[in-house]
Amino acid sequence: MLHSGAVTGQHVLPDGYHCAVTWGIPFDYGGMTSAMLRRSRAFVTEGGQHVDVLTFDYQPDYPDIACELEVSRELIPGMQLRNLWDELRSLPDPALDSARSGPRVKGEYRPVALNEGKDELFAGELRRRVRYDQTGAIVLQIDYLRADGSVYASDRRDLTDFGTEGGRLVTLCDSNGLQVASWNQMWPLYLFWLDVVVAGRETFMIIDSKSTANFITRYRRPNVITMHLVHNSHMAAGQLPPHGELSRVRRYTFERLSSFDAVIFLTAAQKKDVDDVYGASATTGVVPNSTELVPFDVDQERDSGVGVMLASLNGRKRVQHAIKAVKIARDSGADCSLMIFGDGPDRGRLEQFVDESGLLSSVHLPGFSETARQNLWAASFTLLTSTTEGLPLVLLEAMSGGCLPIAYDIPYGPADLIEDGVNGFLVPPGDVEAVAQRIAKISSSSADELRAMRAAARGTAERFSDPAVTARWGREMHLAVDRKLEESVDTS
Numbered sequence: 266m267l268h269s270g271a272v273t274g275q276h277v278l279p280d281g282y283h284c285a286v287t288w289g290i291p292f293d294y295g296g297m298t299s300a301m302l303r304r305s306r307a308f309v310t311e312g313g314q315h316v317d318v319l320t321f322d323y324q325p326d327y328p329d330i331a332c333e334l335e336v337s338r339e340l341i342p343g344m345q346l347r348n349l350w351d352e353l354r355s356l357p358d359p360a361l362d363s364a365r366s367g368p369r370v371k372g373e374y375r376p377v378a379l380n381e382g383k384d385e386l387f388a389g390e391l392r393r394r395v396r397y398d399q400t401g402a403i404v405l406q407i408d409y410l411r412a413d414g415s416v417y418a419s420d421r422r423d424l425t426d427f428g429t430e431g432g433r434l435v436t437l438c439d440s441n442g443l444q445v446a447s448w449n450q451m452w453p454l455y456l457f458w459l460d461v462v463v464a465g466r467e468t469f470m471i472i473d474s475k476s477t478a479n480f481i482t483r484y485r486r487p488n489v490i491t492m493h494l495v496h497n498s499h500m501a502a503g504q505l506p507p508h509g510e511l512s513r514v515r516r517y518t519f520e521r522l523s524s525f526d527a528v529i530f531l532t533a534a535q536k537k538d539v540d541d542v543y544g545a546s547a548t549t550g551v552v553p554n555s556t557e558l559v560p561f562d563v564d565q566e567r568d569s570g571v572g573v574m575l576a577s578l579n580g581r582k583r584v585q586h587a588i589k590a591v592k593i594a595r596d597s598g599a600d601c602s603l604m605i606f607g608d609g610p611d612r613g614r615l616e617q618f619v620d621e622s623g624l625l626s627s628v629h630l631p632g633f634s635e636t637a638r639q640n641l642w643a644a645s646f647t648l649l650t651s652t653t654e655g656l657p658l659v660l661l662e663a664m665s666g667g668c669l670p671i672a673y674d675i676p677y678g679p680a681d682l683i684e685d686g687v688n689g690f691l692v693p694p695g696d697v698e699a700v701a702q703r704i705a706k707i708s709s710s711s712a713d714e715l716r717a718m719r720a721a722a723r724g725t726a727e728r729f730s731d732p733a734v735t736a737r738w739g740r741e742m743h744l745a746v747d748r749k750l751e752e753s754v755d756t757s
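Take 266 as the starting number for the sequence shown in this note's numbering and just add one per residue.
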């Protein structure tokens with residue numbers, strides 16, 4: 266049962282089971298995952314709460330991923346990385362007792378026969394058996410296997426006509442590989458696991474990824490506070506808020522925002538735009554990302570023309586704009602360079618563009634690096650050329666170290682952080698010439714001018730410290746509990 270209470274003293278966060286929900290932790294994870302991990306660490310260090318990070322993608326090496334995160338201090342004592350498939354594999358039979366088949370389930374469970382499928386091994390151990398169509402290109406069934414070879418879950422995708430993709434049957438099995446429960450969609454299996462994890466406890470669940478938010482709209486429990494954190498713009502590419510077209514991948518969730526106990530945005534501007542369209546609601550709130558306040562010396566020596574950029578190499582980040590801006594600035598006489606950390610589908614094309622632009626000695630793409638932030642903090646400036654953002658964590662990280670941001674004034678975030686000409690520069694979206702001019706200005710500014718701007722940037726970052734942001738989460742959690750308790754009284 267949920268309990269109300271004020272945020273006082275050391276109880277910054279309400280007591281209970283705290284978890285962060287995301288789809289997965291990729292090797293080259295970006296800003297959303299970084300922000301989620303940082304918030305979770307702060308909940309441990311500032312809020313005194315254990316935090317589980319719950320994931321749903323299938324990767325056989327999650328223990329290795331957890332180990333790497335621990336070594337890099339992304340996972341600290343008090344945090345645990347948990348995965349659906351890892352835990353289903355080892356669930357004892359009594360833990361399966363609460364699983365119930367869906368109403369009017371179509372189809373019958375049948376495991377993949379030995380002569381039908383291809384075995385997948387990891388570290389010499391059988392993990393999955395996969396059945397394909399006649400072409401060998403389309404997966405028709407995946408059986409997930411325990412160490413003893415028994416099936417613990419099955420995902421069949423040719424229910425309508427055997428051998429042809431169409432219709433789905435998801436089955437949970439006991440230690441003997443016998444059917445316990447089946448559904449014609451995957452999400453009931455996800456919700457079953459969440460119930461196992463929560464185990465009836467008073468729970469505060471922050472849903473970070475938009476893909477997991479879709480099925481958690483169905484997860485309503487009296488003891489669970491669900492809080493969807495919207496990390497990025499909800500608008501379709503090229504659409505202007507608030508009345509432009511909604512992003513296709515967010516439409517399902519945004520049509521069901523009332524399914525969450527709270528919907529949290531990173532900026533007041535995005536909350537206002539959503540409230541204007543969907544109606545003002547007590548369930549929407551604002552909690553920004555926090556940032557690490559690294560040791561900062563305003564007199565630190567740094568080359569004023571050296572820039573560092575952290576970005577996924579994809580279309581939304583428009584990294585080519587940054588490269589063009591460096592070329593224009595250099596052509597105008599500025600002594601500047603740029604190092605772009607990150608990886609993605611556009612890497613080959615961007616490397617070719619650097620070469621064709623004659624910038625091989627001044628623009629570098631070293632890929633993903635765990636030390637990228639150290640380079641950022643030592644740089645003179647950073648660039649943000651995205652089409653949309655939420656509250657760009659990379660800007661806060663840069664400003665914490667006195668690195669000056671030059672950012673497109675896009676929805677959402679840059680205008681919430683940057684006072685143009687004071688702690689960085691805001692330029693019109695897509696204006697590459699303006700970016701180049703600001704690079705040239707920073708490269709040629711006096712030491713006193715840059716010192717004042719770097720100090721102002723650091724001052725901005727200090728407003729987003731872990732203690733301050735964790736306290737805001739605590740207030741939103743308590744408000745969500747109060748609302749849920751009031752609703753339960755009203756409906757009783």
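Idealized CB from N, CA, C, for every residue including glycine. The structure presented is a predicted model; accordingly, all values stated were derived computationally and were not measured.
- For residue 685, same chain residues with a beta-carbon under 6 Å away, outside a window of 5 residues either side, are 691 in chain order.
- Here DSSP, grouped into helix, strand and coil, assigns residue 592 to helix.
- Residue nearest to residue 304 within the set 725, 706, 494 is 494 (criterion: CA-CA distance).
- Counting only the Cα atoms, residue 515 lies some 16 Å from residue 286.
- For residue 444, the enclosing beta strand (DSSP E) covers residues 444-448.
- With a contact defined as Cβ atoms closer than 8 Å, residue 584 and residue 532 miss out at about 23 Å.
- When the beta-carbon positions are compared, residue 338 and residue 561 stay at least 8 Å from each other.
- Going by beta carbons, residue 492 and residue 525 fall inside the 8 Å limit.
- Annotated three-state conformation of residue 480 is helix, per DSSP.
- Taking the CA atoms as reference points, residue 508 sits about 38 Å from residue 720.
- Residue pairing by DSSP places residue 509 opposite no residue, since no beta bridge is assigned to it.
- One alpha carbon belongs to residue 442, the other to residue 417, and they sit about 6 Å apart.
- Check the Cα spacing between residue 394 and each of 400, 652, 421: the tightest is with 421.
- Using a Cβ-Cβ distance cut-off of 8 Å, the region 674-682 and the region 558-572 are not in contact, since fewer than three pairs of beta carbons, one from each stretch, lie closer than that value.
- By the neighbour-count definition (other C-beta atoms within 10 Å, threshold 16), residue 440 is an exposed residue.
- Residue 670 and residue 604 have their C-alpha atoms some 14 Å from each other.
- Secondary structure in the region 608-635: the beta strand (DSSP E) runs of 3 residues or longer, each lying completely within the stretch, are 628-632 in chain order.
- For residue 640, the enclosing alpha helix (DSSP H) begins and ends at 637-643.
- Beta-bridge partners of residue 689 (DSSP): 685.
- Across the set 520, 512, 505, the C-alpha of 520 shows the shortest separation from the C-alpha of residue 483.
- About 5 Å separates the beta carbon of residue 599 from that of residue 708, a gap short enough to meet the 8 Å contact definition.
- For residue 472, DSSP records a beta bridge to 286, 493.
- Ranked by Cα distance from residue 399, the options 413, 430, 374, 373 are led by 430.
- For residue 748, the closest C-alpha among the options 364, 488, 322 is that of 488.
- The beta carbon of residue 288 sits closer than 8 Å to the beta carbons of 320, 321, 322, 474, 476, 477 from its chain, once the five residues preceding and following it are set aside; these are given in chain order.
- A distance below 8 Å separates the beta carbons of residue 449 and residue 434.
- The beta carbons of residue 361 and residue 445 sit closer together than 8 Å.
- For the pair residue 498 and residue 654, the CB atoms are nearer than the 8 Å cut-off.
- No residue range can be given for residue 371, since it is assigned to no alpha helix (DSSP H) and is classified by DSSP as neither H nor E.
- In this structure, the alpha-carbon of residue 358 lies about 16 Å from that of residue 447.
- Apart from the 5 residues on each side of it in sequence, residue 687 sits with its Cβ closer than 6 Å to the Cβ of 721 in its chain, given in chain order.
- Annotated as proximal: residue 734 and residue 553, with beta-carbon spacing under 8 Å.
- Under the three-pair Cβ rule at 8 Å, the region 585-593 counts as touching the region 602-616.
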